[in-house]
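Enquirer:
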Amino acid sequence: MGIGSSLFLIAVGAILYFAIDADVSGIEISTVGIILMVIGIIGLIITLFFLGGWRARHRTVVEERPVTRDREYY
-5 MGIGSSLFLI AVGAILYFAI DADVSGIEIS TVGIILMVIG IIGLIITLFF
45 LGGWRARHRT VVEERPVTRD REYY
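This note's numbering numbers the first residue of the sequence shown as -5 and each following residue consecutively.
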């Protein structure tokens, strides 16, 4: 799950929890909203954790050295 899909789940869950006030038989919309927000937050945390670990492992150190000639070319 990426950052975008996590934010999408959080937004849809917040809309279902805070903005929708409808009664559907057999399902509680506010509970579905909370579940979607929790899944989105967990997905966002996991994504950021793996993204941060990937960047730390793939760093390359670049050493800048002065370029000098060892000998003259003819």
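The C-beta atom is built at its ideal place from N, Cα and C for all residues, glycine as well.
With leucine 3 as the anchor, note down where its alpha helix (DSSP H) starts and where it stops.
Expert: Per DSSP, leucine 3 belongs to the alpha helix (DSSP H) from -3 to 8.
Enquirer: Just to confirm, are serine 0 and leucine 45 a CB contact at a threshold of 8 angstroms?
Expert: Their beta carbons are not under 8 angstroms apart, which means serine 0 does not touch leucine 45 by this criterion.
Enquirer: Which residue wins for smallest C-alpha separation from leucine 30, given the options Arg59, Thr62, Leu3 and Ile40?
Expert: It is Leu3 whose Cα lies nearest to the Cα of leucine 30.
Enquirer: Under 8 angstroms by Cβ, that's how I've got threonine 41 and glycine -4 pegged, so tell me the actual separation to the nearest angstrom.
Expert: Rounded, the Cβ-Cβ distance is 6 angstroms, consistent with contact.
Enquirer: Taking DSSP's pairing of strands, which residues face valine 61 in a bridge?
Expert: DSSP, once it has assigned bridges, lists no residue as partnering valine 61.
Enquirer: If I measure Cβ to Cβ from isoleucine 33 and keep anything under 6 angstroms in the same chain, skipping five residues before and after, which residues do I get?
Expert: These residues qualify, in order along the chain: Leu3.
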